[in-house]
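Reviewing the structure listed below.
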Amino acid sequence: MATIELDKKDRKILSILQRQAHIPNSELAEQVHLSPSTCLRRVRRLEELGVIRGYVALLDKDKIGRSLCVFVRVKLDHKSRADVERFEQEVLKYPEVTECHVVMGEDDFLLKIMVADLNEFQKFLLDHLTAIPGLSTVISSAVLRQVKSTTELPV
């Protein structure tokens, strides 16, 4: 996939929108020293090019009852394309799995799972995750304290 050429104004727009997605266009334009119409055209262009994929609301995990974050390393018995695809399709079914990464090294997948507490995690692990055929190893690490969390990418 080709990288999109971004100038300083585009980068500034992206930086601001990552922190304040609902900023009024007039304020955004003022902050990046553009006219509102020019700023809006740039934002629309970034959306059309897929640089801006969408806008989201970031939720407080504690206030919605998803306080426990667990990272799970998974190793498959076999690594055929069919086995990998089957595992990927299975984890897509579970909203508790907020991230699933195919990784290099000793493990095959790294999952980020958000649940209410250890009891809920144990139930998820036993009823769903370890029920997926073809797992060799499942290693869990519960997060004690989060030092940094951001959705912002350096632009």
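Going by UniProt numbering, 120 is the number at position 120 of the sequence shown; the sequence numbering is gapless.
Yeah, the Cβ is synthetic: ideal placement off N, Cα and C, and Gly gets one too.
Distance from the CA atom of D10 to the CA atom of H22, rounded to whole angstroms, is 17 Å. Exposed is the label assigned to D7, since fewer than 16 other Cβ atoms lie within 10 Å of its Cβ. A direct Cα-Cα distance of roughly 29 Å separates K12 from T98. Contact between the stretch 107–117 and the stretch 22–38 is absent: fewer than 3 CB-CB pairs across the two stretches fall below 8 Å. The C-beta of I4 has fewer than 16 other C-beta atoms within 10 Å across all chains shown, which makes the residue exposed. Listed in chain order, the alpha helix (DSSP H) runs fully inside the UniProt domain "HTH asnC-type" (6–67) are 8–19, 25–31 and 36–48, counting runs of at least 4 residues.
Using a 10 angstroms sphere on the CB of V115, the tally of other CB atoms reaches 16 or more, which defines it as buried. Straight through space, the alpha carbons of R81 and E88 are spaced by roughly 11 Å.
Under the DSSP assignment, E88 falls in the alpha helix (DSSP H) whose first and last residues are R81 to V91. Below 8 Å, enough C-beta pairs join the stretch 126–144 and the stretch 66–76 to call them touching: three or more. Taking each of G105, R145, D60 and V91 in turn and checking the Cα distance to L125, the smallest one comes out for V91. A142 carries a strand assignment under DSSP once its states are collapsed to helix, strand and coil. Only exposed fits R44, as fewer than 16 other CB atoms lie within 10 angstroms of its CB. Spanning the alpha carbons of G54 and L28 requires a straight line of approximately 17 Å.
Straight across, the Cα-Cα distance linking H33 with L14 is about 14 Å.
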